[in-house]
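Quick note, the sequence shown lines up with residues 5 to 81 if you use my numbering. Even glycine gets a Cβ: it sits at the ideal position worked out from N, Cα and C. Small disclaimer: the values here were computed from a predicted structure and weren't measured. Working notes for the structure below.
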Amino acid sequence: MSGDAAADLLSLERLVVVEKFGSADYDVLQPEVILSFHGLCLARADDEWFMGELDADGSLICWASYGSDLAEAIRGL
5 MSGDAAADLL SLERLVVVEK FGSADYDVLQ PEVILSFHGL CLARADDEWF MGELDADGSL
65 ICWASYGSDL AEAIRGL
């Protein structure tokens, strides 16, 4: 759906967090799947897709939920 031929399924063996709005803190996510494409990642946790990018240490830092529909989350790129 992303149109990225290099899209990939990533290992869940990494820290995945989402930023808390208006705070320097993060919430830890327990994703069921992590997709990587176009230099960004989508992680599915709690029936929502969270957008983010990989940090240098391999952890995934997400900035927001893009909803429960994968196609809509991809269009949000």
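Once DSSP output is grouped into helix, strand and coil, what is the label at residue i?
{"i": "L33", "result": "coil"}
{"i": "R79", "result": "helix"}
Would you call the CB atoms of residue i and residue j closer than 8 Å?
{"i": "I65", "j": "E52", "result": "no"}
{"i": "E36", "j": "R48", "result": "yes"}
{"i": "S40", "j": "D12", "result": "yes"}
{"i": "V32", "j": "F54", "result": "no"}
{"i": "L14", "j": "C45", "result": "yes"}
According to DSSP, what are the bridge partners of residue i?
{"i": "G56", "result": "C45 and C66"}
{"i": "L14", "result": "I38"}
Thinking residue i and residue j are a contact (beta carbons under 8 Å), I'd like their distance in whole angstroms, please.
{"i": "G80", "j": "Y70", "result": "4 Å"}
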